[in-house]
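These protein sequence lines map, in sequence, to chains B, F, U and L.
Read in order, the letters of the first sequence correspond to residues 1 to 118 in this note's numbering.
Read in order, the letters of the second sequence correspond to residues 1 to 183 in this note's numbering.
Read in order, the letters of the third sequence correspond to residues 1 to 150 in this note's numbering.
Read in order, the letters of the fourth sequence correspond to residues 1 to 504 in this note's numbering.
All C-beta atoms, glycine included, are put in the ideal place defined by N, C-alpha and C.
Please read all numbers here as calculations on a predicted model, not as lab measurements.
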Amino acid sequence: MPYALCFLLFMLGLYCAVVKKNMVKIVIGITVMEYAVNLFLIMLGYRSGGTAPIIDKSQLDAGLEQFISSSVDPLPQALVLTAIVISLGSLALMISICIRTYEKYGTFDITQIRRLKG
Amino acid sequence: MAIFYVLLLFMIVAAIIAIETNNLLSSVICIGAIGFGASLMFLFLRAPDIAITQIVVEVLGLIILIRATISRDLTFITGSKEFFGTVISVVIIFVIFLAGVQVFETLPNFGTPIFAEVPDTASQTYIKKGLDDTGAANIVASVILDYRAYDTLGEATVLFTSIIGAAVMLRKKTRKLPEDLNL
Amino acid sequence: MKGMTIIVKTISSWVKMLIVLFGIYIVLFGHLTPGGGFAGGVILASSYVLLMLAFGREFVEKDLPLAIDSKLDCLGALLFALIAILGFALGGTFFFNFLYQKYRLGESLRLISAGTIPLSNIAIGLKVGASLFMVIFLLSTFRRGTSANK
Amino acid sequence: MIIPLPFFIAVPLVMAFLLPAFGRGGKTAATLLANLVTVFLLVFAVASIGKSEVYEIGKWSIPLGINLVLDGLSSLMLLAISVVSAAAMLFSVRYMEQYTAKKKYLSLFLLMVAGMNGVVLSGDIFNLFVFLEIASLASYALVGFGCEHEELEASFKYMVLGSIASIFILFAVALVYGNTGTLNMAYISKAIQNSGINAGLKFALALFIVGFGLKAALVPFHAWLPDAHPSAPAPISAMLSGVLIKSLGIYSLVRIFFNVFGVSISVSWVLVALGVLSMVIGVFLAVGQWDFKRLLAYHSISQMGYVILGIGIGALILARNGKVEWAALAILGGLFHLVNHAVFKSLLFLTSGSVEMSTGTRQIKEMGGLVERLPFTRTTCTVASASIAGIPPFNGFWSKLILIVAAIQAGFLYLAAVTIIVSLITLISFLKIQRYVFLGELPENLRQIKEHKGSMLVAMVFLACLCVLMGLLVLVPGLKASILEPAVKVLTDGLKYSADIIGK
């Protein structure tokens, strides 16, 4: 069930990116989609009542069995760390394109920015 | 468990407001709300690394987004909406949603991750041997900077690319004048 | 933009130190505690963003010129690539954790442990900090030109 | 001799990190170094022909670490990428003098090349996504490099659709991970063979098709291409049309479909349908265009249809357990057309750039009689046009012939007929270019223009020679056996991929 809510968030972002006519809104839609995917990945690795995949002194002294049987999946976390930075990079590039376009056209409305046909 | 539903619903409500409001600034602020919701969610999902990264990235991302909207002439969206097109898109997206929701039943239930069910997955090895193999107590760090360091090189490169790209897009003079061309 | 009042300036120049310290801590202890190069790098960048908001762009431009910032960006990326290539030169494969696998440097749960991981964190922190500061600086210095036509 | 595989990525990356740090005077040195890198990559791509290798990064055995895989298909793609990038880089030396920020341009160019090399060598599905993002982000910035009205609009459109495609791919990766618990392609394939494809994996495959289809601009996902490719500077158009849509779109799709998920009849029909749609709609949209580069861009969609059609027919035969030789012939046609298209389409875009730089316009109607002023450009353009229209003995003829023969052999007579008709319309469209651009009367305002020689000319002649000679790739058995057949074998072997990788 949490997966379905996460997918709903993804679809809301997709709706915003596809339907809206304002450049900043489109960027916002894409950002929402990225959040949804990141959340989905982390959820995949969650273990009920689990611990974070970081070993501290007390766990090391107690032997690692406890840690091994309760740690959540570290791999999706590594992937999401990568994905977050990628989305930040693409956000920066997208916003620069938006600002430059605004400077040229004086509007964020893509219905008014339509020099290219089809 | 309940906390996840609360946070997810909070994020969905914030997303709906962000999408439907006509004021770009409040839209951006709602994005901030989603981001902080996601950060809290990461914390409860036992991913402190991601929570920290998400929250700091969120702050910078908000600064970038606000920079795009503020100090522009219009922060309000005007203009008509194409009713027919919107309805069709909503219907299509709703159908994809209904089709997609079935898919999640093939996944293991929430709270019982796949890596613990299938024998010999990479993640199990990371947890068991991560400290011995790489010497890092933070298993996530050992994954991103040792086991899968190559991904991280790619990720740093993505950031580098986007910064160079942004510098290219925002440069002042873009073309040389014909008299400057010495061909 | 001349910046804000003297109170804000004074406080933010103190707070900036703390943020930089915190960022460095996050970067250096990335292999032991949550955090790491990315989070730390973003925190480092935000300290300069704070300065920029409080003092104005010209001040920051003097403190950390854009030319140097972009060189730092390249340097961070190159350092990370260098770690990868050193792994090749000393261990035979790309990204080989030569310091840990070969020389067994440091002991577990200490600052100096985990071989190349802290070094990679430092390189990434440098790179991320420099590049994110640069993009915000660029975005905020970009002024609407006169060529906007409707 | 073969260099360690990561160097295909590391060398352009390190150079790309280095170039923006050069001082004011370093432009010539930067250009020289960037050209050296592309030539270096070309040399080593040629040296890697016929080899196959699995490289485990950081000495972590899979699935712990990430592996790079060099097999026939990757090495074919590497060859195509390095040939086109060497020519486009050479062309840029002079062409990009029109713009400022050349060092940043060179850096982005090399990042794009590194991203594409990373995609074709990667054996890990998430790693493939990361490198796909590098190449995509670099291409978004390069499309808008001129920062004029149309360029910005095209760049934004491209970036929005491209980002949505990337997120779809990431979501599909997440679904695959959630269902199989691994990210390595070989292990995913093994898990799928053990437990079969469930609904989640089917949905992931659908997302992959949409995502990679968007990147490859197959009809109905083509909306961005006719804007983005003409707006970019000419060498970048050549790179985008020549190799980017192939390595990010077609290669990734084919790799995942054939080697990871395994061929199935329904998806093969989807590929055939996408191929026919792209072929027909692309060419009809192209005929009516009067903008030189826009016309070429629509032809790219159409020609990508040929590639995906050939591969789709091959997949269909394999999925029906038909004769492997027939499937191999269809796939050979598709892959050979892919390589040929990389060469002749990038040549066409380079010639259009040369024409645009001399005349200052892209509108075909404003040109005419350029054969007097631009004789070399005209010759190379004629060679490329003959290739794309499928006139013997140029390379396009051979691949189209193979495709038609394969379609007839497999019993798809109507597909063969469509292929021939589309080819004829392509011919008409390029006769139009010859007629209005190079023949006819020279307009008054173009009397004084002169041809740009030097590096631009060298790049064009290099590609034109390849257009003439590449027929040998199928005619000489030795070349065929060392370059094309290993690539075909990777696809016809299908799911044996995982056993090969895990076994090594």
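Taken in chain order, the members of the stretch 115-126 of chain F whose beta-carbon sits within less than 9 Å of a beta-carbon on chain B are PHE115, ALA116, THR121, ALA122, SER123, GLN124, TYR126. DSSP places L:ASN198 in the coil class of the three-state scheme, outside both helix and strand.
Neighbours of L:GLU133 in chain F, taken as residues at a C-beta separation under 7 Å, are given in chain order as VAL158. Bounds of the beta strand (DSSP E) holding L:ASN67 are 67-70. For the 8 Å CB-CB criterion, F:ILE93 and B:TYR105 do not form a contact. Annotation for B:VAL85: the continuous alpha helix (DSSP H) segment containing it runs 74-105. Neighbours of U:ASP73 in chain F, taken as residues at a C-beta separation under 8 Å, are given in chain order as PHE160, ILE163. Contact annotation, L:GLY65 with L:GLU53: C-beta distance approximately 16 Å; criterion of less than 8 Å not satisfied.
Contact check for L:ASN179 and L:GLY200: beta-carbon distance about 5 Å, within the 8 Å limit, so the pair qualifies. In the DSSP assignment, the residues bridged to L:GLU56 are L:ASN67.
When DSSP states are grouped into helix, strand and coil, L:ARG294 belongs to the helix group. The stretch 114-133 of chain U makes contact with the stretch 95-102 of chain U, as at least three CB pairs between them are under 8 Å.
Taking the beta carbon of F:THR86 as reference, the chain B residues within 7 Å of it are VAL19, listed in sequence order. DSSP places F:GLY111 within a strand segment (E or B) once states are collapsed to three. In the structure shown, B:ASP109 adopts extended strand secondary structure according to DSSP, grouped into three states. Residue pairing by DSSP places B:ILE54 opposite F:ASN138 in a beta bridge. Neighbours of U:MET134 in chain F, taken as residues whose beta carbon is under 7 Å from its own, are ILE163 in chain order.
For the 8 Å CB-CB criterion, L:LEU253 and L:PHE212 form a contact. Note that the stretch 57-65 of chain F does not touch the stretch 51-67 of chain B; fewer than 3 beta-carbon pairs, one per stretch, sit closer than 8 Å. Within chain U, the residues placing a beta-carbon under 8 Å from that of B:ILE99 are LEU139, PHE142, ordered along the chain.
Membership of L:PHE168 in the alpha helix (DSSP H) is indicated by the continuous run 149-180. Interface criterion met: the Cβ of F:LYS128 is under 8 Å from a Cβ in chain B. Chain-order list of chain L residues neighbouring U:GLY91: LYS59, by C-beta distance under 8 Å. Cβ proximity to chain U below 8 Å picks out PHE17, LEU18, PRO20, ALA21 from the stretch 15-48 of chain L. With contacts defined by Cβ atoms closer than 8 Å, L:SER107 and L:LEU244 do not form a contacting pair.
Between the alpha carbons of L:GLU441 and L:GLY368 lies a distance of about 5 Å.
Bounds of the alpha helix (DSSP H) holding U:ASP69 are 66-91. U:VAL27 sits buried, since 16 or more C-beta atoms from the chains shown fall within 10 Å of its C-beta. Taking 8 Å as the cut-off between beta carbons, the residues of the stretch 27-58 of chain F near chain U are PRO48, ASP49, ALA51, ILE52, THR53, VAL56, VAL57, in sequence order. For F:ILE3, none of the residues of chain B pass the 7 Å Cβ criterion, the least Cβ distance being about 11 Å. Using a Cβ-Cβ cut-off of 7 Å, B:THR82 is close to VAL130 of chain L, given in chain order. Sixteen is the threshold: since fewer than 16 other Cβ atoms of the shown chains lie within 10 Å of the Cβ of U:GLY92, the residue is exposed. A Cβ-Cβ separation of about 17 Å leaves L:GLY242 out of contact with L:SER278 under the 8 Å criterion. At least one C-beta of chain L is nearer than 8 Å to the C-beta of U:PHE88. When Cβ pairs closer than 8 Å are counted between the two stretches, the stretch 326-343 of chain L is seen not to touch the stretch 355-364 of chain L, the count staying below three. Spatial neighbours of B:LEU12 in its own chain (CB-CB distance under 7 Å, excluding positions within 5 residues in sequence) are listed in chain order as VAL32.
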